[in-house]
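Structure record follows, encoded as structure tokens.
In full-length UniProt numbering, the protein residues as written are 1 to 441.
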């Protein structure tokens, strides 16, 4: 017998836990000593998104037997990534059975399902899932039907991820969230018609919320009551209709109704519709703010008089045609800003527009934050050939009196001569402290 086989079971199981599940199972062929060790693994991961038709039936039988024969007191984590339906032999009934086994017999703590199906309908999960007392993390992605029963209770659930799933009715999500008393982290991604009209998030314990909506999903509005929320990210890439753009209303065809979020510290918004006033009203007390917005008129910005006294870090995307209007307003309204970063989100360069020089007319006087608090300035991939961007950078380098570091990155596609000319122009504009470190890349 080799020395490895003489090690205690607990140690060997720990070694196996570092292997992919399918490789850990293969060790059962080594000897009788190894035959059943993998059945004690606390974490099981099955990634069968690519398999032949002939392999499908064997895979289904293998997963069923492995769950039936699992010997550990509990499954710490079960991950299923599967492709099935018109081809292959894995069926919706198999998924139903596996989830039932994990919930009933194994006290699963983390369950992750990613299903790619060729079936006409999304896969329905057992009702017992929605009454599982042990589950702490639940991640459901793609072709899954969230059909929440009337009686539901997930007393231990802290993290919930719902990615491009389908809901049985408009109240399913609300019913689910209302019965998660300790939920802290929620992610909802939507990019299809999923039977969800109004998105209602009423969770007193929630601390982190990420919402992502893109066409063609339908949404009448979002209602939030999350008094414990500390982090909020909203990505809404749906477009307003032409009739909405002609309206004088403060909101687009869908509404955002946010209750006060007194504990909110960080917000990240990626929005394509014009009117953003309601968002800013609820984030005046945050410390960190990241923005990528489609702002077309100054009237669509937040109301005059709002002050972000606690804002210390600001990231703003320069992809939109009027981004500098928003930047100037935020600089004036953030007297204690310490870090400023301009950047471009890579997946929508089509929104980048060449503008005439208009920055100089936007500020009547130097904002307080530039004179007394701004310490770090960073520009990721500055398109210096756009005069508007050069003017913004020069203004900050010329007026920021407390800067400790300034870093500007240029696109790698720029010729060396062009890059050198821009560096010289920016360097001549710098009037900050002698101790400030300025870097160009």
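Don't be surprised by glycine CBs; every beta carbon is placed ideally from N, CA and C.
Since the structure is predicted, the reported quantities are computational estimates derived from the model, not experimental observations.
Query: Quick check: residue 215 and residue 190, are their CB atoms within less than 8 Å of each other?; Result: no
Query: So within the region 80–114, which uninterrupted alpha helix (DSSP H) runs reach at least 4 residues, ignoring any that extend past its ends?; Result: 92–104
Query: Excluding the 5 residues preceding and the 5 following residue 227 in the sequence, name in chain order all residues of the same chain whose CB lies nearer than 8 Å to its CB.; Result: 204, 259, 260, 261, 262, 263
Query: Going by CA-CA distance only, name the one from 424, 195, 233 that's closest to residue 279.; Result: 233
Query: Please tell me whether residue 68 and residue 111 are closer than 8 Å, where the distance is taken between their beta carbons.; Result: no
Query: Going by DSSP, what residue range makes up the beta strand (DSSP E) through residue 190?; Result: 185–190
Query: Would you list the one or two residues that DSSP bridges to residue 393?; Result: The partner list for residue 393 (beta bridge, DSSP) is empty, contrary to what the question assumes.
Query: Assign residue 424 to buried or exposed, taking buried as 16 or more other Cβ atoms, counted over all protein chains shown, within 10 Å of its Cβ.; Result: exposed
Query: Grab me the residues of residue 168's own chain with a C-beta within less than 8 Å of its C-beta, minus the 5 sequence neighbours each way, in chain order.; Result: 145, 146, 147, 148, 195
Query: Please name the residue or residues paired with residue 225 in a DSSP beta bridge.; Result: 202
Query: Taking residue 141 as part of the beta strand (DSSP E), name the residues at either end of that continuous run.; Result: 137–142
Query: How far does the alpha helix (DSSP H) with residue 329 in it reach, from first residue to last?; Result: 323–333
Query: Cα separation between residue 47 and residue 19?; Result: 13 Å
Query: Can you pull the DSSP bridge partners for residue 213?; Result: 190, 236
Query: Looking only at C-alpha atoms, which of 119, 155, 116, 326 sits nearest to residue 134?; Result: 155
Query: Taking all protein chains shown into account, decide if residue 114 is buried (16 or more other Cβ within 10 angstroms of its Cβ) or exposed.; Result: buried
Query: On a CA-only basis, which of 70, 378, 162, 395 is nearest residue 437? Give me that one, please.; Result: 378
Query: Counting Cβ pairs closer than 8 Å, one from the region 405–419 and one from the region 362–371, do we hit at least three?; Result: no
Query: By the 10 Å Cβ neighbour count, where 16 or more other Cβ atoms means buried, how is residue 75 classified, buried or exposed?; Result: buried
Query: Would you call the CB atoms of residue 129 and residue 103 closer than 8 Å?; Result: yes
Query: Measuring straight from C-alpha to C-alpha, what distance separates residue 152 and residue 126?; Result: 12 Å
Query: Since I believe residue 206 is in contact with residue 184 (beta carbons under 8 Å), could you give me their beta-carbon distance rounded to a whole number of angstroms?; Result: 6 Å
Query: To which residues of the same chain is residue 45 closer than 6 Å at the C-beta, ignoring the five residues directly before and after it?; Result: 21, 79
Query: On a Cα-Cα basis, can you pick out the residue from 15, 314, 213, 61 that is closest to residue 94?; Result: 61
Query: Classify residue 435: buried if its beta carbon has 16 or more other beta carbons within 10 angstroms, exposed otherwise.; Result: exposed
Query: My output table needs one value for residue 472: the three-state DSSP class, helix, strand or coil.; Result: With the chain running from 1 to 441 in the structure shown, residue 472 is simply not present.
Query: Grab me the residues of residue 413's own chain with a C-beta within less than 8 Å of its C-beta, minus the 5 sequence neighbours each way, in chain order.; Result: none
Query: Could you check if residue 417 is buried or exposed, using at least 16 other CB atoms within 10 Å of its CB as the buried criterion?; Result: exposed
Query: Note down the Cα distance separating residue 382 from residue 292, rounded to an integer number of angstroms.; Result: 15 Å
Query: Tell me whether the beta-carbon of residue 142 lies closer than 8 Å to the beta-carbon of residue 121.; Result: no
Query: State the Cα-Cα distance for the pair residue 290 and residue 315, rounded to the nearest angstrom.; Result: 4 Å
Query: Count the other CB atoms, across all protein chains shown, that sit within 10 Å of the CB of residue 350; report buried if there are 16 or more and exposed otherwise.; Result: Only weak support is given to the placement of residue 350: the predicted model assigns it a pLDDT of 47, under 50, and the value that follows is read from those uncertain coordinates. Residue 350 is exposed by the Cβ-count criterion.
Query: Is residue 292 helix, strand or coil when you go by DSSP?; Result: strand
Query: Rounded to the nearest angstrom, what separates residue 311 and residue 192 at their Cα positions?; Result: 35 Å
Query: Suppose you measure from the CA of residue 172 to the CA of residue 10; what does that come to, to the nearest Å?; Result: 42 Å
Query: Please classify residue 322: is it buried, with 16 or more other beta-carbons within 10 angstroms of its beta-carbon, or exposed?; Result: buried
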